[in-house]
Structure formats: C-alpha cells, structure tokens
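A.B. asks: The structure that follows is given in the form of structure tokens.
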Amino acid sequence: MVATWSSLRDLVDVGRGIVSREVFVNEEIYQQEQEQIFARAWLFIGHESQVANPGDYFASRMGEEAVLLTRDRQRKLHVFLNTCRHRGMKICRYDQGNALVLTCPFHGWSYDTDGRLVGVPGFKEFYHEELDRSQWGLVEVAQLANYHGSIWATWDPEAPPFEQYLGDYDFYLRPHFEGDDGRDAGAEIFGGIQKWRMPCNWKFPALTFNGDRSHAAMTHRSTTVAAFGPQGALGEGFRHGIQSRRVPLQYEVLMPGLGHGGAATIRQADEPYMDTWQTVPGADDYYREMHRKRAEQFPDRPRVQAGCNVFPNFITGGAVRTIAVWHPAGPHTTEVWRFFLVDSQAPEVVRDGLRRFQMRYSGPVGMTEQDDMENWNYAHAASRGTIARRHPYNYQMGLGHEIPDGGKVPGSLNQMTAEHAQRGRFARWLEFMEAPSWRDMSPRRQLR
Amino acid sequence: MALNTIDSGLLERLLLHREVEEFLYAEAELLDERRFNDWLDLFTEDARYFMPIRRNVKWGELERGETSESSEISWFDEGKPTLTSRVRQLETGLHWAEEPISRVCHMVSNVQVMRVEGQDVHAKSRFLVYRNRLQDETDFFLGKREDVLRRVEGQLKIARRKIILDQNVLLAKNVTIFF
Chain A
554 MVATWSSLRD LVDVGRGIVS REVFVNEEIY QQEQEQIFAR AWLFIGHESQ
604 VANPGDYFAS RMGEEAVLLT RDRQRKLHVF LNTCRHRGMK ICRYDQGNAL
654 VLTCPFHGWS YDTDGRLVGV PGFKEFYHEE LDRSQWGLVE VAQLANYHGS
704 IWATWDPEAP PFEQYLGDYD FYLRPHFEGD DGRDAGAEIF GGIQKWRMPC
754 NWKFPALTFN GDRSHAAMTH RSTTVAAFGP QGALGEGFRH GIQSRRVPLQ
804 YEVLMPGLGH GGAATIRQAD EPYMDTWQTV PGADDYYREM HRKRAEQFPD
854 RPRVQAGCNV FPNFITGGAV RTIAVWHPAG PHTTEVWRFF LVDSQAPEVV
904 RDGLRRFQMR YSGPVGMTEQ DDMENWNYAH AASRGTIARR HPYNYQMGLG
954 HEIPDGGKVP GSLNQMTAEH AQRGRFARWL EFMEAPSWRD MSPRRQLR
Chain B
260 MALNTIDSGL LERLLLHREV EEFLYAEAEL LDERRFNDWL DLFTEDARYF
310 MPIRRNVKWG ELERGETSES SEISWFDEGK PTLTSRVRQL ETGLHWAEEP
360 ISRVCHMVSN VQVMRVEGQD VHAKSRFLVY RNRLQDETDF FLGKREDVLR
410 RVEGQLKIAR RKIILDQNVL LAKNVTIFF
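Going down the list, the sequences are from chains A and B.
554 is the number of the first residue of the first sequence in the numbering used here; add one for each residue after it.
260 is the number of the first residue of the second sequence in the numbering used here; add one for each residue after it.
Now the structure itself:
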C-alpha cells in the first residue's frame, strides 16, 4: 500500500515534537515547497559590498533559480531572474563582474542594469517596430530590502516588508552585519564564495541544524585534538575559543509565528574583554580596542552572539562570522553557499587571521563541517526506504520546558540545548505549506 | 647520438625530472597508504599549501578566475601547523567523515620541471584523485599542481604547493583528503 496522508498535519506534529521522515524525502512535498515557500518567502541574495559600483553584478540564487543582483546607473539595487525574456537563455553566465549593459548570447537582446530591454537586433527590420520593449524587461523580484548591508528579496508582492517578516528577531540578527565596534552596517563580505553540493534534503541543515547544540559533542569530537580555533591549543583546543569569564545568558530562541530562531548568547555591554586570538599576533590589540569602543558608544546595548536562522534557509552565526544559504536542488540534494563577513575597516592582520580561521573551520574543506555533511548524507539516505519512512524523527528535547516570561530578550525561550527552535521552524513550515496566500499567514502585511 | 657526445646539461635535467617524478609518486603512495605523518615530513616548516576557489569569468579577466591568496576566501590556505591539525584529527578515529576510511587513489601525471632557482625546483603536475566511501559514494577530483620543491640537506621537500582544482561549485560533499 502506498503511503498517503490526508493533511501535512499528519506528518508534522509540533505539539508532540514528531516529524515524519516523509517530509524530507518525498518528491511531491519538495515540489510544493518551491511554490509555497521559495516563491513567497524573503530570501537572502548577497551583500551591498559585493555590488559597490554602478554596473556591478553578482550571480545569486533564490531557491532553485538563478538570479542576478545588480546595481544600476543611479546606484539602485535590483534582483532579476537570470533568464532572457525572448527564449530563456541565461543572460549572464559569469559569477560576478561589471557591465552597464547585459547582452544575451543567443539573439543579442540587451538589458540595462535596471532591467529595461534596451536593444533588440532587427527591431526595425524583423520586428517592424511592433515589439513593445517596455513589456519585455527582465523579471524583477516583487520586493527588495537592504537590511544593514545585507540584501534580501521576495517574489511575492503580498509578503510583509522585510522588517515585519523579521520582527523582533532584529535584536539577534542585526549584530551580524555590524562592525566589531558595533558600527551599523560595518561588515562586508570577503571575496570568494564557497559553493558545494551535499546529498541530503535542504531542510536537514536549514530547519534542524541550527540550535542543534546537542550534536556538537559527538559529531565534532575530533576537533578538540586538532585545536584549530583562534586560541590554538589554549582553551582546551575548543574550536571557537573560550570567550568570557562571566557566565552569560544562553538560550535557544524562537520567534513564535515567524519561524526564526536558534541559539543565542547574551552578554552585558560592560563584559570584560578577553583575548581569544592568541594565534594571530596583532589581533588582540584590535579586538581589545573594538571591544572598548563598543562599550563606550553603546553602553546600554547587550552583546548578542546568536546563531541566527531566518526562515526558511538562511543562517549566520558565531565567532566564525559566516553566512550559509541552503539552496534546494531536488529533494535529495542541497547546494550550499557560504559567505564570510569581516569588519570593513579591519586592518590587514585581522583580515588575514580571520580569513584563515574561517577557511580551516568552515565549509567542505574546513575541519568542522565535514562531519556534519557525513551525518546529513547518511541520515537522509537511510530515511528514503519504505519502512524507514513510517518511523518519524524525534524533536522532543525540552518540549514543555519553555522558560516562562524570559522577558529581557525577545522571543520564546528554552534552555540552550533543546529542540525548541526546530519545532518552531516546522510550525512555520506547515503554515507556509498550507496557506493559500500571505493574506492567510502571519504577520499580515500592514497596509499604509 | 653516441653516448660520449651526450650533453651533460641534458642528462642533469633528465635525472632531475626523474627525481621529481619519483618524489611525487612516493608522496602519492604515502597518502594512499594513509601514512600521514610521513607525508607531513615531506613539507618544509614554513610551507604554504593553497587551493583557490575557481570563478566563472570573462576572457580578458582570467586572473580573477581564481580567488586571491592574499585577500580572499579560498578552499585551502594553510601552513604546516594546520596540515598537522588535520592529520591529528584523522588520527583520532572519531572524525566521522573518514570513519570508515575512504579508499583513495592518487594518480599523478604530466610532471614537468619548469626551472631551477638555487635550491628551489619549480615543478608542475596534474592529478586525478579518486575517493570511494561506504557502498558507492564516489568522487573524482581533477586538476593541476604548481610546486616549489626545495632541496634541504640533499632531499627535496615541498616548500609551496598551489592546487588548482578544475571545479567551480565543489561537486563533493566534503574534502577529507589531501592533494
């Protein structure tokens, strides 16, 4: 008998912390996700520092689809579907560059950086000037947002503006795009985007990984011996470095109804500085000074270090200062893009030290993630079978132990090692999958 | 050509080429046999090991086709200490990405000695590395290497290796091997 379900709620029981394996391996559900989630949610595109000058473009991705982030002649940013309106050819097959006009290699249709169709060979001779060029510009996203330097876009005009979509999760996300001294939009992206493919469903990393604190002790056991953190062999070889003397506030955060969340560590503004860059001579002076400046300029702003999952498939976090976007590439494949952040004014010694730490820590060649990918690969593979699919995953850690009235920080809180954020993401996933439109989802777009 | 008229310069170059080839074949053997500590001994203490990310760029901008060693994010940008960390990680038996171990085969070819500058031999080669894991997980990594091999107490050692993998999006889930 072929497995069937009358409703997705049969597969995802948030209240009991039970999620069917079917959700991760089923082809139909995957196709529905492209319509219900990726065509409607806010997705991360890139960073303004990647397209600093008019004509600059960066090839990015929204869900399965190729898009282009451009800056036009008036310095305005755009995101377009990377496909010619004539016969579909990818108009730009370079990863990044500068061009004030993009010309399709097929029939030569040319588009300006703002998407307008400005050139059609044979417009007089073959089209008899009957082609209405104003109707055939590049397909542009419905909404674009610049959030403290990071660029987001959605195809859905009914989606709430990004600030509303993010809600109070701003408290946790904004610091990632700040300078080391708390300067607004003070970060930029290093050149060199890591891209690779993993044989698992996008939801393994996107919905279940962040906030999965309990995996680290076992999955990453081999990393302490390697001692590759910025402290080297100090701090017991811990890959992040030990960062404070005082015990900070630590929670697993979930924004109810929005689906964003993850682990968060909150320290006070006057937290004493601690050197965690012993392996990089010269870095300590910089970080000490930036720590002091931050306390001086923002005495009431807590120091928030959060692994931030923005629903559906964006995550940024930690001392490693890296963004990952988990792109769906079929139900059994994920294409990951990793971006790396740095303070735009950091001196060379800090840039180099951070870069090298990022490279040895993160990504498919880094010493940490390699083991995550082994787990996700074979967890997915083992879940595809007929019998396996009848036995759901357990997301019950910390169920019912939400911290009542956490109060001081936004969101619904649980202890840091729990599966609280995951349950919340699946609730949001259900909402996206079931809702006919944004009018049936939270937050409702506030009409002005 | 009679033996007594052979150009001694030619003979020297031939012998050096064979020496470099044998060095690279022996290195490949160490890696395939997982004799990682012996492999580390092939590097100078100040060695650099670099693998850029490849970008799709226009003709005329080919220098931007690889990420910059001095300013950008790449795949590998290591010295001997971090290569040693990786070996230590492999030796724990707890590095799940290599448990059980992969079956690895390094093929080395197109070995060329480009020039000699003092103690440094600049050599190029190409590699095809095959990795097979568990039941049927198989990856091919193919590309070029540019090495500076330095003569230290008579022995060649790797002072610098640049690995040019011929892929843009990495088509393997991880890289748990060395090139």
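For glycine and all other residues, C-beta sits at the position ideal for the given N, C-alpha and C.
This one's a predicted model, so the numbers in the text were calculated from it and none came from an experiment.
Distance cutoff 8 Å, beta carbons only. Does Pro900 (chain A) sit that close to anything in chain B?
C.D. replies: Counting from one through the first sequence, the residue named residue 900 (chain A) turns up at place 347. No, Pro900 (chain A) lies away from the interface with chain B (no Cβ there is under 8 Å from its Cβ).
A.B. asks: How many Å lie between Arg392 (chain B) and Ile360 (chain B) at the Cα?
C.D. replies: Taking the second sequence and counting its residues from 1, the one referred to as residue 392 (chain B) is at position 133. Taking the second sequence and counting its residues from 1, the one referred to as residue 360 (chain B) is at position 101. Using only the alpha carbons, I get a separation of about 7 Å.
A.B. asks: Would you kindly report the start and end of the unbroken alpha helix (DSSP H) that includes Pro536 (chain A)?
C.D. replies: No answer is possible for residue 536 (chain A): it lies beyond the span of chain A, which begins at 554 and ends at 1001.
A.B. asks: Can you have a look at Cys364 (chain B) and say buried or exposed, based on whether 16 or more other CB atoms are within 10 angstroms of its CB?
C.D. replies: As a first step, residue 364 (chain B) is located in the second sequence; it is residue number 105 there, counting from the start. Under this definition Cys364 (chain B) is an exposed residue.
A.B. asks: Counting only beta-carbon separations shorter than 8 Å, does Phe762 (chain A) have a partner in chain B?
C.D. replies: Taking the first sequence and counting its residues from 1, one reaches residue 762 (chain A) at position 209. Taking Cβ atoms only, chain B never reaches closer than 8 Å to Phe762 (chain A), which makes this a no.
A.B. asks: Answer with yes or no whether the minimum CB distance from Arg593 (chain A) to chain B is below 8 Å.
C.D. replies: Here the question's residue 593 (chain A) lines up with position 40 in the first sequence. Taking Cβ atoms only, chain B never reaches closer than 8 Å to Arg593 (chain A), which makes this a no.
A.B. asks: Can you check whether the C-beta of Glu337 (chain B) is within less than 8 Å of a C-beta belonging to chain A?
C.D. replies: Numbered from 1 along the second sequence, position 78 holds the residue referred to as residue 337 (chain B). Yes, because at least one Cβ of chain A sits closer than 8 Å to the Cβ of Glu337 (chain B).
A.B. asks: Taking Thr772 (chain A) as the query, report the chain B residues whose CB atoms sit under 9 Å from its CB, ordered along the chain.
C.D. replies: Position 219 of the first sequence holds residue 772 (chain A). Result: Trp355.
A.B. asks: From the DSSP secondary-structure annotation, give me the bridge partner or partners of Met751 (chain A).
C.D. replies: In the first sequence, residue 751 (chain A) corresponds to position 198, counting from 1. According to DSSP, which records beta bridges pairwise, Met751 (chain A) is partnered with A:Thr887.
A.B. asks: I need the straight-line Cα distance from Leu670 (chain A) to Pro728 (chain A), nearest angstrom please.
C.D. replies: By 1-based counting over the first sequence, the position of residue 670 (chain A) is 117. By 1-based counting over the first sequence, the position of residue 728 (chain A) is 175. About 39 Å.
A.B. asks: Label Phe679 (chain A) either buried or exposed according to how many other C-beta atoms from any shown protein chain fall within 10 Å of its C-beta, with 16 as the threshold for buried.
C.D. replies: Position 126 of the first sequence, counted from the start, is the residue given in the question as residue 679 (chain A). Exposed is the call here.
A.B. asks: Using the three-state DSSP reduction, which class does Val673 (chain A) fall into: helix, strand or coil?
C.D. replies: Numbered from 1 along the first sequence, position 120 holds the residue referred to as residue 673 (chain A). If DSSP states are grouped into helix, strand and coil, Val673 (chain A) belongs with coil.
A.B. asks: Using CA coordinates, which residue listed in A:Glu683, A:Asn606, A:Ile598 and A:Ala712 is at the minimum distance from Glu618 (chain A)?
C.D. replies: As a first step, residue 618 (chain A) is located in the first sequence; it is residue number 65 there, counting from the start. Residue A:Ile598 is the option with its Cα nearest to Glu618 (chain A).
A.B. asks: Exposed or buried, Met920 (chain A), counting other C-beta atoms within 10 Å across all chains shown (16 or more means buried)?
C.D. replies: Walking along the first sequence from the start, residue 920 (chain A) turns up at place 367. That one is buried.
A.B. asks: Here's the rule: buried if 16 or more other CB atoms are within 10 angstroms of the residue's CB, otherwise exposed. What is Leu387 (chain B)?
C.D. replies: Residue numbering aside, residue 387 (chain B) sits at position 128 when the second sequence is read from its first letter. Label assigned to Leu387 (chain B): exposed.
A.B. asks: For Glu972 (chain A), tell me which candidate among A:Trp558, A:His933, A:Leu561 and A:Ile571 has the shortest Cα-Cα distance.
C.D. replies: Within the first sequence, residue 972 (chain A) is the residue found at index 419, counting from 1. Checking every option, the nearest Cα to that of Glu972 (chain A) belongs to A:Ile571.
A.B. asks: Lys748 (chain A) CB to nearest chain B CB: under 8 Å?
C.D. replies: Position 195 of the first sequence, counting from 1, holds the residue named residue 748 (chain A). It does; some Cβ of chain B falls within 8 Å.
A.B. asks: State the DSSP-derived secondary structure class of Asn928 (chain A), mapped to helix, strand or coil.
C.D. replies: Residue mapping note: residue 928 (chain A) aligns to position 375 of the first sequence, counting from 1. Looking at Asn928 (chain A) - three-state DSSP - the assignment turns out to be helix.
A.B. asks: Based on the DSSP output, what are the partners of Arg313 (chain B) in its beta bridges?
C.D. replies: The residue labelled residue 313 (chain B) in the question sits at position 54 within the second sequence. DSSP output for Arg313 (chain B) lists B:Glu325 as bridge partner(s).
A.B. asks: Is it right to say Pro713 (chain A) is buried, meaning 16 or more other beta carbons lie within 10 angstroms of its own, or is it exposed?
C.D. replies: Position 160 of the first sequence holds residue 713 (chain A). Counting Cβ neighbours within 10 Å, Pro713 (chain A) comes out buried, since at least 16 surround it.
A.B. asks: Helix, strand or coil: which one does DSSP assign to Leu342 (chain B)?
C.D. replies: Along the second sequence, read from residue 1 onward, the residue named residue 342 (chain B) stands at position 83. The answer is helix: DSSP assigns Leu342 (chain B) an H, G or I state.
A.B. asks: Three-state secondary structure (DSSP) at Glu617 (chain A)?
C.D. replies: As a working note, residue 617 (chain A) is residue 64 in the first sequence. Correct three-state label for Glu617 (chain A): coil.
A.B. asks: Let me make sure I understand the geometry here. Which of A:Val654, A:Val578 and A:Leu621 has the alpha-carbon closest to that of Lys643 (chain A)?
C.D. replies: Taking the first sequence and counting its residues from 1, one reaches residue 643 (chain A) at position 90. Of A:Val654, A:Val578 and A:Leu621, the residue nearest in Cα terms is A:Leu621.
A.B. asks: For Leu564 (chain A), is the classification buried or exposed, using 16 other Cβ atoms within 10 angstroms of its Cβ as the cut-off for buried?
C.D. replies: The residue you call residue 564 (chain A) lines up with position 11 of the first sequence. So Leu564 (chain A) ends up on the buried side.
A.B. asks: Sort out for me which residues DSSP pairs Val366 (chain B) with in a bridge.
C.D. replies: Within the second sequence, numbered from 1, the residue matching residue 366 (chain B) stands at position 107. The displayed chain sequence assigns Met, not Val, to residue 366 (chain B). In the DSSP output, where bridge partners are listed per residue, Met366 (chain B) has B:Leu387.
A.B. asks: Quick one: which chain B residues come within Cβ less than 8 Å of Asp648 (chain A)?
C.D. replies: Locating residue 648 (chain A) in the first sequence gives position 95, where the first residue counts as 1. Within chain B, the residues near Asp648 (chain A) are Arg314, Asn315, Val316 and Asn427.
A.B. asks: Measure from the C-beta of Met554 (chain A) to each C-beta in chain B and report whether the shortest distance is under 8 Å.
C.D. replies: Here residue 554 (chain A) corresponds to residue number 1 of the first sequence, with the count starting at 1. Low confidence applies here, because Met554 (chain A) scores a pLDDT of 48, under 50, leaving its location unreliable; read the following figure in that light. With 8 Å as the cut-off, Met554 (chain A) does not count as an interface residue toward chain B.
A.B. asks: Residues of chain B with CB closer than 7 Å to the CB of Gly745 (chain A), please, in chain order.
C.D. replies: The count along the first sequence starts at 1 and reaches residue 745 (chain A) at position 192. Those are Ile312, Thr326, Glu331, Ile332 and Ser333, listed as they occur along chain B.
A.B. asks: Helix or strand or just coil, what does DSSP make of Met554 (chain A)?
C.D. replies: Along the first sequence, one-based indexing puts residue 554 (chain A) at 1. At Met554 (chain A), the pLDDT of 48 sits below 50, so the modelled position is not reliable; the number obtained from the coordinates is stated separately. Coil at Met554 (chain A), not helix or strand.
A.B. asks: Under 9 Å Cβ-Cβ, which residues of chain A neighbour Lys432 (chain B)?
C.D. replies: Locating residue 432 (chain B) in the second sequence gives position 173, counting from the first residue. By Cβ distance, chain A contributes Trp749, Arg750, Met751, Pro752, Cys753, Pro917, Gln923, Met926, Glu927, Trp929 and Asn930.
A.B. asks: Using the three-state DSSP reduction, which class does Gly268 (chain B) fall into: helix, strand or coil?
C.D. replies: For the purposes of this step, residue 268 (chain B) is taken as the residue at position 9 of the second sequence. Correct three-state label for Gly268 (chain B): helix.
A.B. asks: In chain order, what residues of the same chain have a beta carbon less than 8 Å from the beta carbon of Gly338 (chain B), not counting five sequence neighbours either side?
C.D. replies: For this step, residue 338 (chain B) is matched to residue 79 along the second sequence. Counting only Cβ-Cβ distances below 8 Å, and skipping sequence neighbours, we find Asp305, Ala306, Arg307 and Tyr308.
A.B. asks: Residues of chain B with a CB under 9 Å from the CB of Thr656 (chain A): which are they?
C.D. replies: Translated into positions along the first sequence, residue 656 (chain A) becomes position 103. What Thr656 (chain A) touches in chain B: nothing, since even the nearest Cβ is about 12 Å away.
A.B. asks: Taking C-beta pairs closer than 7 Å, name the residues in chain B that Ser775 (chain A) reaches, listed in chain order.
C.D. replies: Within the first sequence, residue 775 (chain A) is the residue found at index 222, counting from 1. Gln348, Thr351, Leu353 and His354, listed in chain order.
A.B. asks: Going by other Cβ atoms of all chains shown within 10 Å of its Cβ, with 16 needed for buried, is Phe399 (chain B) buried or exposed?
C.D. replies: Residue 399 (chain B) sits at position 140 when you count from the first residue of the second sequence. Label assigned to Phe399 (chain B): exposed.
A.B. asks: Need the endpoints of the alpha helix (DSSP H) that Ile644 (chain A) sits in, please.
C.D. replies: As a working note, residue 644 (chain A) is residue 91 in the first sequence. Note, Ile644 (chain A): premise wrong, no alpha helix (DSSP H); not H, not E.
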